[in-house]
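Just so you know, the protein sequences line up as chains A and B, in that order. Counted from 1, the first sequence has number 340 at position 340 by this note's numbering; the numbering is strictly sequential. Counted from 1, the second sequence has number 277 at position 277 by this note's numbering; the numbering is strictly sequential. The beta carbon of each residue, even a glycine, is placed where N, CA and C say it ideally should be. Since this is a predicted model, take the numbers as computed values, not measurements.
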Amino acid sequence: MSTMLADVVTRLFTDRVTKELIESAEKGEWPTALWGAVEENGLTLPLVPESRGGAGVTWQETYDIVRAAGRHAVPLPLAETIVASWLLSSAGIDAPSGPLTLAPVHVDDRVRISRAGSGWRLSGAATRVPWGATAGHVVVVAGGDGQAIVALAASPRVMVRDTNLALEPRDTIELDGAKVLAAAPAAGEMTPAVVRLYGALVRSAQMAGGLEYLLSQAVRYAGERKQFGKPIGAFQAIQHNLAVLAGHTAAAGMAAAHAFRAADRGDPTFEIASAKVRVGEAAGIGAGLAHQVHGAIGFTYEHSLHFVTRRLWSWRAEFGGEGVWAAELGREVAARGADSLWAHVTSR
Amino acid sequence: MAIFHFALHELPPETNALRMEVRDFLRETLGGRSPLQGAGSWGGFDREFSKKVGAKGWIGMRWPKQYGGHERSALERYVMLEEMLAAGAPVSAHWVADRQSGPLLLRYGTEEQRQRFLPRIARGELAFAIGMSEPDSGSDLASIRTRAERVDGGYRVNGTKVWTSNAHLSDYMIALFRTQVVPDKKHAGLTQFLVDCKSPGIAITPIVDLDGSHHFNMVVFEDAFVPDDMRVGDDGNGWNQVSTELAYERSGPERYLSSLALLIETIREIGKEPSEREAAVIGRLVAHLTTLRQMSISVGGMLEGGENPNLEAAVVKDVGTTFEQEIPEVIHGLLGIEPTVKHGTDLQQVLGYIMQKAPSFSLRGGTREVLRGIIARGLGLR
């Protein structure tokens, strides 16, 4: 299953996510045909059980989809839709078709949900929501009276339209007037922080994919570009930069894969925090090295390298940057005590 | 582009019992040591300890039973190794033989050599040293000049080996000598030998580390005689064999745990309620640690599957030694304490110890530059 899915994803993105398509998305155009193809191939609801119209695969299999989306700089809220549809289905709500997004993505956003007659009412604003103005629905996890509630909402008021560095929409939305189409108690011990946690998980996979792209492009370029009568990849200085990039790429892929496995097992905070920290660090270093190898041409808009490097620079900050997750991890490790460190690491 | 493949690998559940067994053994055997002693990791040479490890069946774990081995899996060996290293166990008296000399003999040795040496190695009774580098040959190993000339019944050896860890404590050395000089073909004419460290014509003198400790040696051969039956493999096949041996050396999990004791003592120092900055620094190091461990297990999984993970092992070692070396720098930056020798707190002494050992992390078993060359070759750049 896993390789089949990975093959489908890779073929689809290789064929359809062209430079022109990404450029047009950067100008604000919604890639309708691409979304249709992604949805048709069943990539949007991998974690939703087949009985509810999804693919019913594991997080580990989902990793291949999300990583490929990062590798190809797919300009869609695919990772967001995957997490949002999983949240809905875990609360017993059917996922609608079309792109979904998530809120709240920021720790300081105060979003509340309360009973309003026979239905529910949301309140508060959510800042910098991915595709907040263009996604058909927003999935909100909010504190209610006691237990967290998962809500499917539509038509929030858009307060600010903005983007990240890669010109992916990041909009601030007001939830007060949004229509709550369905709501149900969140599964298990989920809190509103679940959005940030699983957002961090999918960003780690996207970044791991992005790094794979950077490595393959940089190695290819180093073999093609000639200076001083030979390919620049023949110079040790370049080789060593690429070796370092390879190390960070490998570490990023492993950290992300580890986190996705933990998501299947449950209680994945340790692994997701580790992944966001390790992959985010690799993203910064990797982007720098890939640009260095590419020289001035990689700095131009004309060249495609930046489609991924600009994403990496934004993604590493989204759903909590390295510092935030490292501190969370550090507090957990400190609370367990020095002599439990090794036992804890080997138990994961 | 599939350059390398690190696949997430699962340690089988049965390794858990082994892990607990190793932990219990180490607690009983090594309990009460100071943090500084634990920081020594694979520096400690303790024959009694090695015999106890041998008695537990944890040396030669993967070797055939007919040679005293235990026919266990690569992942079981992995688990045993990482527990030994994490605890800073004094493994030096059996480490080299278990990791590379034994596997080398298993692959290239004669039947008589296997029967003579492997069971004793597996019992923890024989310590091995590695005779590769020479004064003028470090990373460029194929340029070695120590000559082994054919004489009646064996070889006469003249030349000098350096950086020979624990040669003064070891029983045997597996050494690489030049048996033929082939003009313009430095990789040809090399041959490996089992050398009895106590035999005549061999003078071992200390090379003291910058921190004053002695584990390196210079080994001078002056008309030393090595009998025919101590040659390992065919005359002239040395380069091939030594490449295999170095792959054994590089593929283990030991390339990221050297500074673990310092991380643990730092966590003890900052206590259960760290500041935001302390928490972030510690958390970042733990994220690196846990990722490197998964990478290392992945290499173990490839070994278990009979694959040849040379490239992946080089990647783990490069990333791992960078991490090991970074820890004392990061802790220095975080706590601003002075590293000390003998005096000061446990943490200060561990910091002083690791700081002075750290330069060696990216030198031993192939320098960082050599490893990055291997990775570049794997990337198709050379």
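Quick one: give me the first and last residue of the alpha helix (DSSP H) that residue i is part of.
i               : result
glutamate 61/A  : 59-71
proline 130/A   : Run containing proline 130/A: none in the alpha helix (DSSP H); it sits in the beta strand (DSSP E), 125-130.
arginine 147/B  : Segment 147-151 is the beta strand (DSSP E) holding arginine 147/B; no alpha helix (DSSP H) there.
glycine 238/B   : 238-250
threonine 249/A : 236-265
alanine 281/A   : Per the sequence shown, residue 281/A should be read as glutamate rather than alanine. 269-294 is the span of the alpha helix (DSSP H), which, as asked, contains glutamate 281/A.
In chain B, which residues lie with their C-beta within 7 angstroms of the C-beta of residue i?
i               : result
leucine 329/A   : Gly283, Val286 and Ala287
arginine 278/A  : Ala287, His288 and Thr291
glycine 247/A   : Val315, Asp318 and Val319
glutamine 292/A : The premise fails here: glutamine 292/A is roughly 15 angstroms from chain B at the closest Cβ pair, so nothing lies under 7 angstroms.
With residue i as the anchor, note down where its beta strand (DSSP E) starts and where it stops.
i                : result
proline 185/A    : 179-185
isoleucine 174/B : 172-178
threonine 172/A  : 170-174
isoleucine 204/B : 202-208
valine 219/B     : 214-227
glycine 143/A    : 137-143
threonine 101/A  : 100-103
leucine 152/A    : 148-154
Please classify residue i: does DSSP put it in a helix, a strand, or coil?
i                   : result
aspartate 184/B     : coil
proline 46/A        : coil
glutamine 227/A     : strand
phenylalanine 299/A : helix
glycine 366/B       : coil
arginine 16/A       : helix
methionine 159/A    : strand
methionine 132/B    : coil
valine 111/A        : coil
valine 341/B        : coil
serine 137/B        : strand
valine 162/B        : coil
alanine 338/A       : helix
valine 9/A          : helix
leucine 371/B       : helix
phenylalanine 323/B : helix
threonine 29/B      : helix
tyrosine 256/B      : coil
glutamate 328/A     : helix
methionine 1/A      : With a pLDDT of only 45 at methionine 1/A, under the threshold of 50, the placement of this residue in the model should not be trusted; the figure read from the coordinates follows. If DSSP states are grouped into helix, strand and coil, methionine 1/A belongs with coil.
aspartate 98/B      : helix
phenylalanine 193/B : strand
alanine 133/A       : coil
glycine 60/B        : coil
glycine 380/B       : coil
leucine 262/B       : helix
valine 384/B        : Nothing can be reported for residue 384/B, as the shown portion of chain B is limited to 1 through 382.
tryptophan 86/A     : helix
Do residue i and residue j have their CB atoms nearer than 8 angstroms?
i               : j              : result
glutamate 174/A : alanine 125/A  : yes
glycine 54/A    : leucine 43/A   : no
proline 90/B    : glycine 40/B   : yes
arginine 277/B  : alanine 338/A  : no
alanine 74/B    : glycine 352/B  : no
glycine 119/A   : arginine 196/A : no
glycine 131/B   : alanine 93/B   : no
leucine 34/A    : valine 9/A     : no
Show which residues of chain A have a CB atom less than 8 angstroms away from the CB atom of residue i.
i                : result
arginine 19/B    : Thr346
glycine 271/B    : Ala334
isoleucine 354/B : Within 8 angstroms Cβ-Cβ: nothing; isoleucine 354/B doesn't reach chain A, min ~16 angstroms.
glutamate 265/B  : Ala338
isoleucine 3/B   : Leu215, Ser216, Val219 and Ala246
arginine 77/B    : Under the 8 angstroms cutoff, chain A gives no residues; its nearest Cβ is about 15 angstroms from arginine 77/B.
So which residues on chain A does residue i lean against when the C-beta distance must stay under 9 angstroms?
i              : result
glycine 383/B  : Because chain B in this structure spans residues 1 to 382, residue 383/B falls outside the shown range and cannot be described.
glutamate 28/B : Here the premise fails: no neighbours, minimum Cβ distance about 16 angstroms.
Starting from the beta carbon of residue i, find every residue of chain A whose beta carbon is closer than 7 angstroms, and list them in chain order.
i               : result
serine 298/B    : Met254
glutamate 276/B : Ala327
Give the residues of chain B in contact with residue i, contact being defined as C-beta atoms less than 9 angstroms apart.
i             : result
leucine 349/A : Chain A is shown from 1 up to 348; residue 349/A falls before or after that span and cannot be answered.
By the criterion of Cβ-Cβ separation under 8 angstroms, what are the contact partners of residue i in chain B?
i               : result
histidine 258/A : Leu8, Thr290, Thr291 and Gln294
glutamine 206/A : Chain B residues near glutamine 206/A: none, gap ~17 angstroms exceeds 8 angstroms.
arginine 261/A  : Leu8
Against chain D, with Cβ distances strictly below 8 angstroms, would residue i count as a contact?
i              : result
arginine 250/B : Chain labels in this structure do not include chain D; the protein chains are A and B.
### Cβ contact (3+ pairs, closer than 8 angstroms) linking the region 112-122 of chain A and the region 133-147 of chain A
Output reads yes: the region 133-147 of chain A touches the region 112-122 of chain A.
#### Entry: Given 8 angstroms, three or more beta-carbon pairs between the region 343-362 of chain B and the region 317-332 of chain B
The region 343-362 of chain B, when compared against the region 317-332 of chain B, does touch it at the 8 angstroms Cβ threshold.
### Query
Taking three-plus beta-carbon pairs below 8 angstroms as touching, is the region 321-335 of chain A in contact with the region 271-279 of chain A?
Contact check between the region 321-335 of chain A and the region 271-279 of chain A: three or more CB pairs, one atom from each, fall below 8 angstroms, which counts as touching.
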